[in-house]
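The structure appears below as structure tokens.
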Amino acid sequence: MRNHTPFLLLLLSGFIATTASAQTLTGQIIDETRIPLPGVNVAVAAQRLGNASDLNGRYTLRLPVGSYTVAYSSVGYGKQTRQVTLAAGQTVTLNITLKSSPLEVAGVVVSGTPTPTDALSTPQSVSVVEGRQLERERGQGIVQSIQNSPGVVSYSTGAGIAKPVIRGLTSQRVLVVTDGVRQEGQQWGDEHGPEIDALDVERVEVVRGPNSVLYGSDALGGVVNVIRPGIPSVGEGAPTLAGKALLNGFSNNEQVAGALALYGASGLIGYRGNVTVRRAGDVTTPDGKLFNSGSSQINGSASVGTKGLWGSLALDGGLFSQDIQIHEDPAENPTATPFQKVRHGRVHLHGDFPFKPLRLEVNSSWQKNSRREFGSADAVTPDLNLGLTTVDLDVLAHHKPIRTLFGTVGLSFLNQQSRTLAEEQLIPAFDLTNVAGYVYEERAFGPVEASLGGRYDGRWMDVQQNDALGVEAQKRTYGSATATGGVVWHLAQPLGLAFNLGRAWRAPTAFELFANGVHEGSGRFEIGDAGLVPEQSLNEDVSLRYATSRVQGELALFHNRINHYIYPSPTGQFDTTGANASNFPIYLNRQTDATLRGGEFQLQALVSNWLVLSGGFDLVRGTNSATDQPLPLLPADRIRLGARFTTTRVGRLTNPYASITSRIVARQGRVDPQEQPTAGYTLVDLGIGSDLIVGGNRLTVDLTVTNALDRAYHDHLSRYKLYALDPGRDITLKLSLPFIAAR
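Note that our numbering gives residue 3 to position 3 of the sequence shown, counting from 1, and the numbers run on in steps of one.
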């Protein structure tokens, strides 16, 4: 009965949703010369509603009673956001002037706070990758699309596996969220990447810094919020059938990736479907190919939903299927052919219902993750077979403004069942339940916006007996209160100063507590510690932001103190005992107090109508408080420099550009005593691209060359760094073609 509760609650919400009276937001959008702008995207993220301006630049949206942040965006123009409040039966006219600007800046940000807001008004630092920037930076996985964002790098295993690292933290300390739902796929493993289709993503938002109040346990480093394309509706002017075709080719590993999305609306129903196929061979480095480093994917998703003044209801499902080879140290076994088969299925039900005093949002999901690891290419039976089933429910009540106070009250429920299904017993089977309640309020005091939130989580883990691991049946109980407070001071129209203080927590995983055996995927013999206690962090960060149509920039500094920090520590010994000895190095999970501090800087400047200069840096310092030694696996200092040459039209080419960027990475010599330092390096990337009108449709073409000089280097956060170089030169061609099949 418990697993059906989310769906019963959502049905109940649908029945009690009352029809709202009609309120209208209308207006005209023009440029600096007062010429009407057609095709401008007008979006209300809080309602997942939007429309486009007509040939005369006019737009109309019908909305429930409430206060909203409205975003106006169009390619080649600076984005604008406006706050609007609609009373019952009211029509509000809001005329907008967009200024020409090729800068890429987020309009509305939906992460970091419960209510969508503009990037200048979020208490935490948030980066957004979307639109043309996403099309240019879209890589072989979702993490490659954001690894040039400030404070974000990747922890990689070849080209096919990458985990986000935010301000020096990764794995269980960084939450990946898809459409408001936590991605649960055994992310404790070093070589366990997020199971997300990179070709089925509309935008990615990265929140830097702890956010346990909104997202729960584990968000000590930050949150990666992946937002997929929404379901269209007739009210938004959607056609009966339209679509988008994507085709990517990568020279380095001879990879071909393609996706086809179809969507439309008829009557009250909107729908969307997507299929992606990806095939890749061995990775090529300046020293040659890495044996056994190919991969393949077949992914699919389907969505159906309806929208109206009463709210919205959407059902979404998908399957991520990946086979990936793991390159091992050739000095130990040059012919080794281990590989993994990963399957991740999900069903997500989302409802959004406006009432007179509040807006009720309900998210319910079911996820099933299967991870099988094989010792050789001809193996039939997996050495490791892990299954994880997750059911969760989030109910959020967004109350209407009380004078200048508005906010959200939420309840969260999560249940997990983990099973070990193969001979290799790395972790015991367990059932986990987490229940939480939280409140988050915001208030404006003239030019100052303040926010305050609190949350309490209770977590229960029922661990089953496992004789192979020496684990007795037991119950574990954890609980913690978390809080966050932020202030944004708008010093002037383009200038803002933000300060955020947050307390977060993370309970130890079953892997950290009870692991005792060979982990083929990581090439280690892992040993847990049943005495580990939850991590507790206290983070302060401050940021100065500036945003005009010609200059966008942010400087952010942070200090994150983590008590009881859990980390894997090499013992210097190897698994050489017994007939089935792996000869892998033995790692123990240990605990200490730790401090991470550092900062990020980013800048975009339109120095002329045809030239955009960009740059930035990020650095992290992490210290083990007990030994005064650096923490392991910290990213090296990094500087990013870039220039993009662009114009509005050259012949038949629309918005053509040429770009050159460089990544200057310092030597990483501040390492744990058991860790190897890595040398510094500089990489140069090149790119050209444009839009073409083909049969009345806009074809987007991007040609990029990463590591154009074929530089030999070792990324400090590559798991291959001790025995293999990182990828060499890679020439990538990316095509994107939207089309309309039936009006």
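Beta carbons: idealized from backbone N, C-alpha and C, even for Gly.
(request) Mind checking which residues open and close the alpha helix (DSSP H) that includes Y215? (result) As a working note, residue 215 is residue 215 in the sequence shown. Start and end: 212 to 215.
(message) Could you tell me the alpha carbon to alpha carbon distance between N707 and A257, rounded to whole angstroms?
(response) Residue 707 sits at position 707 when you count from the first residue of the sequence shown. Residue 257 sits at position 257 when you count from the first residue of the sequence shown. So the alpha carbons of these two residues sit roughly 20 angstroms apart.
(request) Could you have a look at G131 and say whether DSSP puts it in helix, strand or coil? (result) Mapped onto the sequence shown, residue 131 falls at position 131. Helix at G131.
(request) For the beta strand (DSSP E) holding E535, just list the boundary residues, first then last. (result) Taking the sequence shown and counting its residues from 1, the one referred to as residue 535 is at position 535. Boundaries of the beta strand (DSSP E) harbouring E535: 535 to 547, taken from the DSSP string.
(message) Can you tell me whether E184 is buried or exposed? The criterion is at least 16 other CB atoms within 10 Å of its CB, across all chains shown.
(response) What you label residue 184 is simply residue 184 of the sequence shown in a count that begins at 1. E184 should be labelled buried.
(request) Pull up the distance between the alpha-carbon of P64 and that of W310, whole angstroms please. (result) Numbered from its first residue, the sequence shown carries residue 64 at position 64. Numbered from its first residue, the sequence shown carries residue 310 at position 310. Cα to Cα, P64 sits roughly 8 angstroms from W310.
(message) I'd like to check one pair, R343 with S365: are the Cβ atoms closer than 9 angstroms?
(response) For the purposes of this step, residue 365 is taken as the residue at position 365 of the sequence shown. For the purposes of this step, residue 343 is taken as the residue at position 343 of the sequence shown. Contact: no.
(message) Is the separation between the beta-carbon of V283 and that of N225 shorter than 9 angstroms?
(response) As a working mapping, residue 283 is identified with position 283 in the sequence shown. As a working mapping, residue 225 is identified with position 225 in the sequence shown. For V283 and N225, no; Cβs fall outside 9 angstroms.
(request) Report the rounded CA-to-CA distance for A626 versus R503, giving the unit in angstroms. (result) On the sequence shown, residue 626 is found 626 positions in, with the first residue counted as 1. On the sequence shown, residue 503 is found 503 positions in, with the first residue counted as 1. Each residue's alpha carbon lies about 21 angstroms from the other.
(message) Taking only three categories from DSSP, how would you classify L733?
(response) Counting from 1 along the sequence shown, the entry for residue 733 is found at position 733. Strand.
(request) Could you say which of Y723, R640, G317 lies nearest to P334 if we only look at CA atoms? (result) Here residue 334 is taken as the residue at index 334 of the sequence shown, counted from 1. Of the listed residues, the one whose Cα sits closest to P334 is Y723.
(request) Thinking Q668 and P656 are a contact (beta carbons under 8 angstroms), I'd like their distance in whole angstroms, please. (result) On the sequence shown, residue 668 is found 668 positions in, with the first residue counted as 1. On the sequence shown, residue 656 is found 656 positions in, with the first residue counted as 1. That belief does not hold up - the Cβ atoms of Q668 and P656 are roughly 38 angstroms apart, past 8 angstroms.
(request) Please work out which residues of its chain come closer than 6 angstroms, Cβ to Cβ, to N563, disregarding the five sequence neighbours upstream and downstream, and give them in chain order. (result) Position 563 of the sequence shown, counted from the first residue, corresponds to residue 563. These residues qualify, in order along the chain: Q536, D593.
(request) Determine the burial state of P673: buried for a count of at least 16 other Cβ atoms within 10 Å of its Cβ, exposed for fewer. (result) Position 673 of the sequence shown, counted from the start, is the residue given in the question as residue 673. The residue in question, P673, is exposed, as its Cβ has fewer than 16 Cβ neighbours within 10 Å.
(request) Tell me whether P508 is buried or exposed, calling it buried when 16 or more other Cβ atoms sit within 10 Å of its Cβ. (result) Within the sequence shown, the letter at position 508 stands for residue 508. Per the 10 Å Cβ criterion, buried.
(message) So D702 and G687 are supposed to be a Cβ contact under 8 angstroms. How far apart are they, rounded?
(response) On the sequence shown, residue 702 is found 702 positions in, with the first residue counted as 1. On the sequence shown, residue 687 is found 687 positions in, with the first residue counted as 1. Confirmed, Cβ separation roughly 7 angstroms.
(message) Using the three-state DSSP reduction, which class does V143 fall into: helix, strand or coil?
(response) In the sequence shown, residue 143 corresponds to position 143, counting from 1. Three-state DSSP puts V143 in a helix.
(request) Determine the extent of the alpha helix (DSSP H) in which L513 is found, giving its start and end residues. (result) Reading the sequence shown from its first residue, position 513 is the one you call residue 513. Bounds of the alpha helix (DSSP H) holding L513 are 510 to 514.
(message) Can you list, in chain order, the residues of its chain with a C-beta nearer than 6 angstroms to that of H559? Leave out the 5 residues immediately preceding and following it.
(response) Counted from its first residue, the sequence shown places residue 559 at position 559. Taken in chain order, the residues that qualify are E540, R597.
(message) So the candidates are L386, Q322, G230; which of them puts its Cα closest to the Cα of L313?
(response) On the sequence shown, position 313 is the one that residue 313 refers to. With distances taken between Cα atoms, L313 lies closest to G230.
(message) Less than 9 angstroms between the beta carbons of G407 and L469, yes or no?
(response) If you number the sequence shown from 1, residue 407 lands on position 407. If you number the sequence shown from 1, residue 469 lands on position 469. The answer is no: Cβ separation not under 9 angstroms.
(request) Please go through the stretch 643 to 722 and give each complete beta strand (DSSP E) segment of 3 or more residues, from N-terminal end onward. (result) 653 to 665, 681 to 694, 697 to 706
(request) For G305, collect the residues of the same chain with a Cβ closer than 7 angstroms to its Cβ; drop the 5 residues on either side in sequence, then sort them by chain order. (result) Along the sequence shown, read from residue 1 onward, the residue named residue 305 stands at position 305. Contacts found: I231, G270, S312, L313, A314, L315.
(request) For my contact list, L98 and D179 are in at a C-beta cut-off of 8 angstroms; report their separation, rounded to the angstrom. (result) Reading the sequence shown from its first residue, position 98 is the one you call residue 98. Reading the sequence shown from its first residue, position 179 is the one you call residue 179. Here L98 is actually not in contact with D179; their C-beta atoms are around 28 angstroms apart, not less than 8 angstroms.
(request) Please determine, among A444, V153, L717, the residue with the shortest C-alpha to C-alpha distance to L452. (result) Taking the sequence shown and counting its residues from 1, one reaches residue 452 at position 452. L452 has its Cα closest to that of A444, out of A444, V153, L717.
(message) Does the structure place the stretch 119 to 127 close enough to the stretch 485 to 504 that three or more beta carbon pairs sit under 8 angstroms?
(response) Contact between the stretch 485 to 504 and the stretch 119 to 127 is present, with at least three C-beta pairs closer than 8 angstroms.
(request) Could you check what DSSP says for S171 in three-state terms: helix, strand or coil? (result) For the purposes of this step, residue 171 is taken as residue 171 along the sequence shown, with counting starting at 1. DSSP places S171 in helix when its eight states are reduced to three.
(message) Would the stretch 211 to 227 count as touching the stretch 131 to 138 if we require 3 or more Cβ pairs under 8 angstroms?
(response) no
(message) On the DSSP letters alone, give me the boundaries of the beta strand (DSSP E) that L358 sits inside.
(response) Stepping through the sequence shown from its first residue, residue 358 is reached at position 358. From DSSP, the beta strand (DSSP E) with L358 extends over 358 to 374.
(message) As a quick exercise: from D457, E442, I527, Q464, pick the residue whose alpha carbon is nearest that of R506.
(response) Translated into positions along the sequence shown, residue 506 becomes position 506. Its Cα nearest to that of R506, the residue D457 stands out among D457, E442, I527, Q464.
(request) Give the secondary structure of S293 by DSSP, where H, G and I count as helix, E and B as strand, and everything else as coil. (result) Reading the sequence shown from its first residue, position 293 is the one you call residue 293. In this structure, S293 counts as coil in the three-state DSSP scheme.
(message) To the nearest angstrom, how far is the alpha carbon of F355 from that of D394?
(response) By 1-based counting over the sequence shown, the position of residue 355 is 355. By 1-based counting over the sequence shown, the position of residue 394 is 394. Each residue's alpha carbon lies about 18 angstroms from the other.
(request) Report yes or no: do the stretch 142 to 157 and the stretch 243 to 252 share at least 3 C-beta pairs separated by less than 8 angstroms? (result) no
(request) Could I get the ranges of all uninterrupted beta strand (DSSP E) runs contained in the stretch 310 to 337, with 3 residues as the minimum, in chain order? (result) 311 to 325
(request) Check each candidate in T170, E202, V181, D197 and name the one with the smallest Cα separation from Q187. (result) Position 187 of the sequence shown, counting from 1, holds the residue named residue 187. The candidate whose alpha carbon is nearest that of Q187 is T170.
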